[in-house]
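**Q** Numbering (the UniProt record's numbering), first residue to last: 1 to 457.
No residue lacks a Cβ here, since even glycine has one placed at the ideal position from N, Cα and C.
(1) Look at the Cβ atom of residue 151, then the Cβ atom of residue 17, and state whether they are nearer than 7 Å.
(2) Among 114, 235 and 316, which one has its Cα closest to the Cα of residue 54?
(3) Checking 7 Å against the spacing of the C-beta atoms, do residue 449 and residue 290 come in under that value?
(4) Do you know how far the Cα of residue 279 is from the Cα of residue 37?
(5) Exposed or buried, residue 324, counting other C-beta atoms within 10 Å across all chains shown (16 or more means buried)?
(6) Leaving out five residues on either side along the sequence, give the residues of the same chain with a beta carbon under 7 Å from the beta carbon of residue 201.
(7) Please report the Cβ distance between residue 376 and residue 332, rounded to the nearest whole angstrom; I am assuming they are in contact, meaning their Cβ atoms lie under 8 Å.
(8) Does residue 168 pass the burial test, meaning 16 or more other C-beta atoms within 10 Å, or should it be called exposed?
(9) Decide if the stretch 19-30 is in contact with the stretch 68-80; the criterion is three or more beta carbon pairs, one per stretch, under 8 Å apart.
(10) What are the start and end residues of the alpha helix (DSSP H) that includes residue 109?
(11) For my contact list, residue 245 and residue 237 are in at a C-beta cut-off of 8 Å; report their separation, rounded to the angstrom.
(12) Residue 433 by DSSP, collapsed to three states: which one?
(13) In the DSSP assignment, find the beta strand (DSSP E) that holds residue 193 and state where it starts and stops.
(14) Which residue spans inside the stretch 251-308 form an unbroken alpha helix (DSSP H) run of at least 4?
(15) Thinking C-alpha only, which one of 371, 433 and 392 is nearest residue 418?
(16) Report the rounded CA-to-CA distance for residue 100 versus residue 44, giving the unit in angstroms.
(17) Can you look up residue 377 in the DSSP assignment and give me helix, strand or coil?
(18) Buried or exposed: where does residue 147 fall if 16 or more other Cβ atoms within 10 Å of its Cβ makes it buried?
(19) Can you list, in chain order, the residues of its chain whose CB lies under 7 Å from that of residue 83, leaving out five sequence neighbours each side?
(20) Give me the DSSP bridge partner(s) of residue 339.
(21) Considering only C-alpha positions, which residue in the set 328, 210 and 336 is nearest to residue 351?
(22) Do residue 259 and residue 295 count as a contact pair if the criterion is CB distance below 7 Å?
(23) Relative to the alpha-carbon of residue 13, which residue among 35, 48, 26 and 39 has its alpha-carbon at the smallest distance?
(24) Mapping DSSP to helix, strand and coil, what is residue 28?
(25) Using 10 angstroms around the beta-carbon of residue 309, count the other beta-carbons present and answer buried if the total reaches 16, otherwise exposed.
(26) Could you pull out every unbroken beta strand (DSSP E) segment of at least 3 residues lying fully inside the stretch 154-187, listed in chain order?
(27) In the structure shown, what three-state DSSP assignment does residue 202 receive?
(28) Determine whether the beta carbon atoms of residue 127 and residue 171 lie at a separation below 7 Å.
(29) How long is the line joining the alpha carbons of residue 123 and residue 342, rounded to whole angstroms?
(30) Going by DSSP, what residues sit across from residue 52 in a beta bridge?
(31) Can you name the residues that DSSP bridges to residue 86?
(32) Report the three-state DSSP secondary structure of residue 404 (helix, strand or coil).
(33) Using a Cβ-Cβ cutoff of less than 8 Å, which residues in the same chain neighbour residue 175 once the five nearest sequence positions on both sides are dropped?
(34) Just how far apart, CA to CA, sit residue 478 and residue 293?
(35) Over what stretch of residues does the beta strand (DSSP E) that includes residue 446 continue unbroken?
(36) Can you name, in chain order, every residue of its own chain whose Cβ lies under 7 Å from the Cβ of residue 221, other than the five neighbours on each side?
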């Protein structure tokens with residue numbers, strides 16, 4: 001058995017790419033790789049050979065495109081293989097981004113053919129050299145070694161899967177196989193142009209590496225396989241560590257694996273489809289090590305890593321809660337509940353009144369001068385000052401820092417003040433020192449319910 005044929009069949013045995021019962025759409029451009037792929041499928045014994053359908057796209061970008069289409073129609077008609085042709089008319093060609101647009105059209109057409117033929121598999125002719133090119137391109141683009149540098153053997157596509165049976169076969173072996181077996185093909189002249197990134201790697205960079213190491217293609221492809229295995233192991237360890245980390249800054253910085261890697265894996269667990277550069281993860285990890293106790297670190301245009309003291313999480317900036325600061329004061333009459341915003345209500349009651357509250361509610365006893373009634377409630381400001389026992393005052397800003405109040409909580413922080421504006425209660429944080437009860441003072445119980453309702457008598 002020919003070595004290329006053996007490698008092709010072995011790929012299916014080890015990767016479980018197709019069965020004889022499958023309908024496979026083979027993407028054929030008429031280049032040597034795809035023509036060999038089609039020939040290999042045709043040469044399989046009946047017990048291994050799936051039902052074949054060919055999909056071809058005429059991009060109308062070269063004069064030879066029509067000749068290639070005509071050739072393929074004749075070639076497949078002689079072999080009784082169904083052919084579907086998609087034509088990308090010149091009117092559809094964009095002025096910029098032609099390569100990406102062509103790829104999008106191509107794969108959209110392939111998905112349509114799969115649906116029309118009820119195929120579950122699309123086979124493309126990506127080979128070992130392209131595997132190496134992709135790995136180098138991803139490294140040059142800043143992908144980390146904890147990202148996939150490989151082209152996978154298979155991935156989800158449309159209502160089925162895309163398979164790549166030639167990934168373990170080099171371009172040279174495919175060319176030699178085509179020559180030995182007299183398989184016709186066309187060479188795309190644009191593959192020699194250096195405008196596309198892949199062509200620059202293929203024509204300029206990789207030949208220099210092969211000069212240094214004639215076995216570079218095979219060696220680097222093997223390294224990519226090993227990298228994938230090591231990566232799987234490292235990510236398994238990272239996932240286990242994240243259970244202990246549980247969003248703690250201290251714990252994520254004390255693990256044996258780098259913090260940037262752990263942050264990357266933590267984000268992947270909640271947003272696996274969002275790509276973040278390693279530089280962004282390194283910046284975030286450095287910020288957690290040396291930055292302030294409260295900070296936001298950008299990951300992408302739409303995502304940030306948010307630190308609030310010893311906790312970190314990820315926030316989509318489009319959905320980031322801005323917080324509506326209640327700047328206006330609301331009067332709190334005695335012995336009744338007053339609606340603030342939404343489901344939040346506040347009530348001030350004479351100490352003799354019976355107020356039934358729940359443990360989760362906020363309440364405080366205030367000794368207030370009768371001249372300070374009715375009480376008022378508003379959003380706290382950083383420079384508000386609460387009286388301390390023994391004299392002096394403390395600013396709200398200092399209380400927030402001491403209590404590790406997050407920025408988001410500060411935006412919603414309520415402050416109860418007297419009618420004269422004197423701060424009396426920073427809700428949930430601190431009650432201001434007041435004078436003893438006498439003929440000019442009154443004991444008031446004030447309660448705030450953030451949405452549970454209340455009973456009082």
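**A** Once the coordinates are examined:
(1) Indexing the chain shown from 1 puts residue 151 at position 151. Indexing the chain shown from 1 puts residue 17 at position 17. Taking 7 Å as the Cβ cut-off, residue 151 and residue 17 do not qualify as a contacting pair.
(2) As a working mapping, residue 54 is identified with position 54 in the chain shown. When each option's Cα is compared against that of residue 54, the closest is 114.
(3) Taking the first residue of the chain shown as 1, we reach residue 449 at position 449. Taking the first residue of the chain shown as 1, we reach residue 290 at position 290. No.
(4) As a first step, residue 37 must be located in the chain shown, where it is residue number 37. As a first step, residue 279 must be located in the chain shown, where it is residue number 279. Distance between the alpha carbons of residue 37 and residue 279: 39 Å.
(5) As a position in the chain shown, residue 324 is number 324, starting the count at 1. Because residue 324 sits at a pLDDT of 45, beneath the cut-off of 50, its placement in the model cannot be relied upon, and the point is left open.
(6) The residue given as residue 201 occupies position 201 in the chain shown. Same-chain partners within the cutoff: 133, 136 and 137.
(7) Residue mapping note: residue 376 aligns to position 376 of the chain shown, counting from 1. Residue mapping note: residue 332 aligns to position 332 of the chain shown, counting from 1. The Cβ separation is near 7 Å, so the contact holds.
(8) Your numbering for residue 168 matches position 168 in the chain shown. Classification of residue 168: buried, given that the 10 Å Cβ count is 16 or more.
(9) yes
(10) Working through the chain shown from its first residue, we reach residue 109 at position 109. Element bounds for residue 109: 98-117.
(11) Residue 245 sits at position 245 when you count from the first residue of the chain shown. Residue 237 sits at position 237 when you count from the first residue of the chain shown. Not quite, the Cβ-Cβ distance comes to about 12 Å (not below 8 Å), so this is no contact.
(12) Locating residue 433 in the chain shown gives position 433, where the first residue counts as 1. It is coil, neither helix nor strand.
(13) Here residue 193 corresponds to residue number 193 of the chain shown, with the count starting at 1. Looking at the DSSP string, residue 193 is not in any beta strand (DSSP E), and its letter there is neither H nor E.
(14) 259-270 and 278-290
(15) Working through the chain shown from its first residue, we reach residue 418 at position 418. Ranking 371, 433 and 392 by Cα distance to residue 418 puts 371 first.
(16) Translated into the one-based positions of the chain shown, residue 100 becomes position 100. Translated into the one-based positions of the chain shown, residue 44 becomes position 44. So the alpha carbons of these two residues sit roughly 34 Å apart.
(17) Numbered from its first residue, the chain shown carries residue 377 at position 377. The answer is strand: DSSP assigns residue 377 an E or B state.
(18) If you number the chain shown from 1, residue 147 lands on position 147. Counting Cβ neighbours within 10 Å, residue 147 comes out buried, since at least 16 surround it.
(19) Sequence index remark: in the chain shown, residue 83 carries index 83 (1-based). For residue 83, where only same-chain residues beyond five positions count, the Cβ hits under 7 Å are 54, 56, 72, 73 and 76.
(20) As a position in the chain shown, residue 339 is number 339, starting the count at 1. Partner(s): 345.
(21) The residue you call residue 351 lines up with position 351 of the chain shown. Nearest option by C-alpha distance: 336.
(22) For the purposes of this step, residue 295 is taken as residue 295 along the chain shown, with counting starting at 1. For the purposes of this step, residue 259 is taken as residue 259 along the chain shown, with counting starting at 1. Cβ distance not < 7 Å, so residue 295 and residue 259 don't count as in contact.
(23) Here residue 13 refers to the residue found at position 13 when the chain shown is read from its first residue. That would be 48, whose Cα lies nearest to the Cα of residue 13.
(24) Within the chain shown, numbered from 1, the residue matching residue 28 stands at position 28. Residue 28: coil per DSSP, three-state reduction.
(25) Within the chain shown, numbered from 1, the residue matching residue 309 stands at position 309. Exposed is the call here.
(26) 154-157 and 160-163
(27) Counted from its first residue, the chain shown places residue 202 at position 202. Helix, per DSSP.
(28) Here residue 127 corresponds to residue number 127 of the chain shown, with the count starting at 1. Here residue 171 corresponds to residue number 171 of the chain shown, with the count starting at 1. Going by C-beta atoms, residue 127 is nearer than 7 Å to residue 171.
(29) Residue mapping note: residue 123 aligns to position 123 of the chain shown, counting from 1. Residue mapping note: residue 342 aligns to position 342 of the chain shown, counting from 1. Looking at the two C-alpha atoms, the distance is approximately 57 Å.
(30) The residue you call residue 52 lines up with position 52 of the chain shown. Answer by DSSP bridge pairing, in chain order: 24.
(31) Your numbering for residue 86 matches position 86 in the chain shown. Residue 86 is bridged to 57.
(32) Reading the chain shown from its first residue, position 404 is the one you call residue 404. If DSSP states are grouped into helix, strand and coil, residue 404 belongs with coil.
(33) Taking the first residue of the chain shown as position 1, residue 175 is located at position 175. So the list reads 32, once near-sequence residues are dropped.
(34) An answer regarding residue 478 cannot be provided, because it is not within the stretch 1 to 457 covered by the chain.
(35) Within the chain shown, residue 446 is the residue found at index 446, counting from 1. Segment 441-450, the beta strand (DSSP E) holding residue 446.
(36) In the chain shown, counting from the first residue as 1, residue 221 sits at position 221. Cβ within range, chain order: 128, 131 and 132.
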